[in-house]
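Peer 1:
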Amino acid sequence: MSTNPLLESHVLPPFEAITPDIIEPAVDELLARNREAIDRLVEAGDYTWQGLAAPLEAINDQLSQAWSPVSHLNATMNSQALREAYQACLPKLSAYGTWLGQHEGLFKAFQTLADSDEYQKLDQGQRKSIDNTLRDFRLAGVDLPPEKKARFGDIQARLSTLSNTFSNNVLDATQAWHLDVPRERLGGLPQSALETLAANAEAKGVEGYRVTLDFPSFFPIMSHADDRALREEVYTAFVTRASDQGPNAGEFDNSDVMAEIVTLRQELAALAGFETYADYSMTTKMAESPDQVLDFLQDLAGRAVPQATEEFKSLSDFAREELGIETLAPWDTGYASEKLREARYAISQEELRPYFPAPGAVDGLFRVIGKLFNVSFQENTQAPRWHSDVRYFDILENDSVIAGFYLDLYAREGKRGGAWMDECRVRREREDGDIQLPVAYLTCNFTRPVGDRPALLTHDEVLTLFHEFGHGLHHMLTRQRVADISGINGVAWDAVELPSQFMENYCWVREGLDLIAAHVDTGAPLPDDLLERLQAARNFQSAMTMVRQLEFSLFDLRLHREHQSPGAGDIQSLLDDVRHQVSVVPRVEFNRFQHGFSHIFAGGYAAGYYSYKWAEVLSADAWSAFEDAGVFDQTTGMRFRTSILEQGGARDAAVLFQEFRGREPSIEPLLRHSGIHQAA
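Just so you know, the sequence shown maps onto residues 1 to 680 in the UniProt record's numbering.
Quick look at the structure:
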């Protein structure tokens, strides 16, 4: 009788053996096993760490080890058969999560453990894990009467399905559109972009150049194409994805999906005893209340909007005088901004590309981390993988492996857009006393290499690489032994971006760039004049960039705070109102940005998108410590490692930051680093 590889124990997932037909049977068996095992734990009555918490962790880790590669393959190697198998499991996993979160016997068992003498003898991480578990029971409605519990579970299951539907619609809408363009319409595009568009066409067996809505194709058109009508056509297709507008209007429409998601979230929050979903969301965050977050965002808006208005006026004047564009349209702003950047600073992303061949940038990333945190990297070519693009590395300390990660850098068909870090294996102490090492997935969507030459990254792509690896470091350098507070688990969501944003700083300073940048042909370092121009341009349109992030954050927070049961029109009206408050760029009626806003409708950022700006206060202030001591000062680097990266969620983020910085965070470094000079 053949065995199911998802039911077996593996150090790394057996990707080649994971086929769509084995997924649902494995999940069914694991969920049945888990339910029986958990009921036995409760009945046994040994409500100690070793009798209750440790075996429960092992049970859930086994499920995670099976589901993690399935979820990852669904995001990176999407096919119809895999999608169907994945979707079939979502309601089952949601029902299990609800059953677990509302298990009164298990809740009482943990409460007994928390009230026992043993609790005081446990280490800090174990106690925090128990506290979080009791909090999560209450957030899952464990105290509700039966009929409300059932409704809570139904909502959770429906939200899981809706989030997946939202994500699928965005992916399908992105891949449904393309435009084959003759060479004469592609004036202004750099050679690297032309090669990408030619490779798109070749991959589909057609002549010429194919524009798609994947970022490596979309972005060069919006930044460099001289053909204004082409920019408008591509822009229109991009901002109407998965909506009732644009070239595929209604085909993958997320209008009703969004409305139902928000309505159900509000009902869920009310069942759990909260006034709004925003209040519900804050219980696991560093911020104390939606009011505090709103004040924070509006304070930043008060500082940034006047400066952003000035920046947009300068752009408009330049476009009119130098480019002959009398009135900027949304499809003109990226193009005009790139021309203004080149005129003002004599620098472009394309000029920087030759200094960032992807293999060299990755090696440079490793050197930066090695100097900071005293670790080294070694590729393991024997590790199982899901695509030939993928590489696997071990992280070593004192010649011993302490973690590993998969690196999947390039865009391809069937791969969800964007960049992210996710958990493959979590660091934890196993039942036999050995430590299970953490393993991360690090996923990007960079421009693919063409021919024999390596992929040449933009500076923005290098920033993305460092950003995601900062998340990876948080996951992989943890020293925690309890899964619930290991790595990024248990970390307040509005503090989780601290390490990722912190790591970006090394892409802006000479000391970091000397390790990262080397010319693809000559190996020469980044010249002084190019570095000076890069640094001078760092805060180009920084206020415009900030108000764009504030627009997303305010829209998200207000949506989950002000609307109980919105329709698609209400969601659009709210976004229009936020844009009226903070946006300075031109708007068009058909823009449906919200229909593709996966962060809040299909990711973990609902009522939490503000976390990027909140954590940026922390990361800028943390970086200021390195500015004072030296950007590669090892004492400061190891203090950052031990105070932030190794701690995971063992202690509150505010306490950990104060331990590292010696004081509460200040907003001033963020304003200084962002070039925001306007007082509130």
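C-beta atoms are modelled at their ideal positions from N, C-alpha and C, and glycine is treated no differently.
Please report the distance separating the alpha-carbon of Gln191 from that of Pro220.
Peer 2: 10 angstroms
Peer 1: By the DSSP assignment, the alpha helix (DSSP H) with Ile600 in it spans what residues?
Peer 2: Ser598 to Phe601
Peer 1: I believe Thr636 touches Ala620 by the beta-carbon criterion, under 8 angstroms. Please report the beta-carbon distance rounded to the nearest angstrom.
Peer 2: Not confirmed; about 15 angstroms, so no contact.
Peer 1: What residue from Ala308, Gln378 and Leu671 has the CA that sits closest to Val581's CA?
Peer 2: The residue you asked about is not Val; residue 581 is Gln in the sequence shown. With distances taken between Cα atoms, Gln581 lies closest to Ala308.
Peer 1: Beta-carbon separation of Leu656 and Leu477 under 8 angstroms?
Peer 2: no
Peer 1: Using a Cβ-Cβ cutoff of less than 8 angstroms, which residues in the same chain neighbour Met1 once the five nearest sequence positions on both sides are dropped?
Peer 2: Bear in mind that the predicted position of Met1 carries a pLDDT of just 41, short of 50, making it unreliable; the figure below should be weighed with that in mind. Correct list: empty, nothing qualifies.
Peer 1: Quick one: Cα of Leu122 to Cα of Ser116, how far?
Peer 2: 11 angstroms
Peer 1: Using CA coordinates, which residue listed in Thr464, His10 and Val547 is at the minimum distance from Gly302?
Peer 2: Val547
Peer 1: Please state whether the Cβ-Cβ distance between His467 and Ser500 is less than 8 angstroms.
Peer 2: yes
Peer 1: Is the beta carbon of Gly512 less than 8 angstroms from the beta carbon of Val617?
Peer 2: no
Peer 1: Mind listing, in chain order, the continuous alpha helix (DSSP H) runs of no fewer than 4 residues lying wholly within the segment 553 to 630?
Peer 2: 568 to 582, 598 to 601 and 611 to 629
Peer 1: Decide yes or no for the touch test of the segment 205 to 219 against the segment 136 to 156: beta carbon pairs closer than 8 angstroms, at least 3 of them.
Peer 2: no
Peer 1: Once the 5 residues before and after Glu16 are set aside, which same chain residues still bring their CB inside 6 angstroms of it?
Peer 2: Cβ contact annotation for Glu16 (same chain, cutoff 6 angstroms, sequence separation greater than five): none.
Peer 1: Is it the case that the Cβ atoms of Asp227 and Gly187 are separated by a distance below 8 angstroms?
Peer 2: Yes.
Peer 1: Tell me whether residue 696 sits in a helix, a strand or coil according to DSSP, three-state version.
Peer 2: Coverage of the chain is limited to positions 1 through 680, which leaves residue 696 absent and any answer about it impossible.
Peer 1: Closer than 7 angstroms by C-beta to Glu504: which residues in its own chain qualify, once you throw out the five before and the five after it? Chain order, please.
Peer 2: Leu463, Phe466 and His467
Peer 1: Within this structure, are the beta carbons of residue 681 and Arg651 separated by less than 8 angstroms?
Peer 2: In the structure as shown, the chain starts at 1 and stops at 680, and residue 681 therefore has no counterpart that could be examined.
Peer 1: Work out the CA separation of Gly141 and residue 681 for me, nearest whole Å.
Peer 2: The structure shown does not extend to residue 681, since the chain is modelled only from 1 through 680, so no value can be given for it.
Peer 1: CA-CA distance, Glu431 and Ala483?
Peer 2: 13 angstroms
Peer 1: Please classify Gln124: is it buried, with 16 or more other beta-carbons within 10 angstroms of its beta-carbon, or exposed?
Peer 2: exposed
Peer 1: Can you give me the C-alpha to C-alpha distance between Glu184 and Glu589, rounded to a whole angstrom?
Peer 2: 30 angstroms
Peer 1: My assumption, with CB atoms under 8 angstroms, is that Phe373 sits in contact with Arg641. Please give the rounded CB distance.
Peer 2: 5 angstroms
Peer 1: My understanding is that Tyr410 touches Asp389, with C-beta atoms under 8 angstroms, so please give their C-beta distance in whole angstroms.
Peer 2: 5 angstroms
Peer 1: Thinking C-beta only, is Ile600 closer than 8 angstroms to Asp570?
Peer 2: no
Peer 1: To which residues of the same chain is Gly360 closer than 6 angstroms at the C-beta, ignoring the five residues directly before and after it?
Peer 2: Ala518
Peer 1: Apart from the five residues just before and just after Arg533, which ones in its own chain have a Cβ nearer than 8 angstroms to its Cβ?
Peer 2: Tyr345, Ala346 and Ile347
Peer 1: When you compare each of Thr48, Pro69 and Trp420 to Leu106 by their alpha carbons, which one comes out closest?
Peer 2: Thr48
Peer 1: Smallest Cα separation from Ser376: which of Asn398, Pro357 and Ser553?
Peer 2: Asn398
Peer 1: Which residue's Cα is closest to the Cα of Leu396: His10, Gly153, Val439 and Gln266?
Peer 2: Val439
Peer 1: Output the residue ranges of the alpha helix (DSSP H) runs that lie fully inside the segment 235 to 290 and measure 4 residues or longer, sorted by chain position.
Peer 2: Whole alpha helix (DSSP H) segments, 4+ residues: 255 to 271 and 277 to 282.
Peer 1: Three or more C-beta pairs under 8 angstroms: does that hold for the segment 242 to 261 against the segment 593 to 612?
Peer 2: Yes, the segment 242 to 261 touches the segment 593 to 612.
Peer 1: Note down, in chain order, each residue of its chain lying with its Cβ closer than 6 angstroms to the Cβ of Trp614, except the 5 sequence neighbours on either side.
Peer 2: Asp494
Peer 1: Nearest by alpha-carbon distance to Thr19: which of Val42, Asp46, Ser79 and Thr327 is it?
Peer 2: Closest option to Thr19, Cα to Cα, is Ser79.
Peer 1: With a threshold of 8 angstroms on Cβ separation, who are the neighbours of Pro247 within its own chain once the five nearest residues in sequence on each side are excluded?
Peer 2: Trp177, Thr236, Ala237 and Thr240
Peer 1: Name the one or two DSSP bridge partners that Phe377 has.
Peer 2: Ile395
Peer 1: Scan the segment 348 to 372 and note each continuous alpha helix (DSSP H) run of 4 residues or more that stays entirely inside, going in chain order.
Peer 2: 349 to 352
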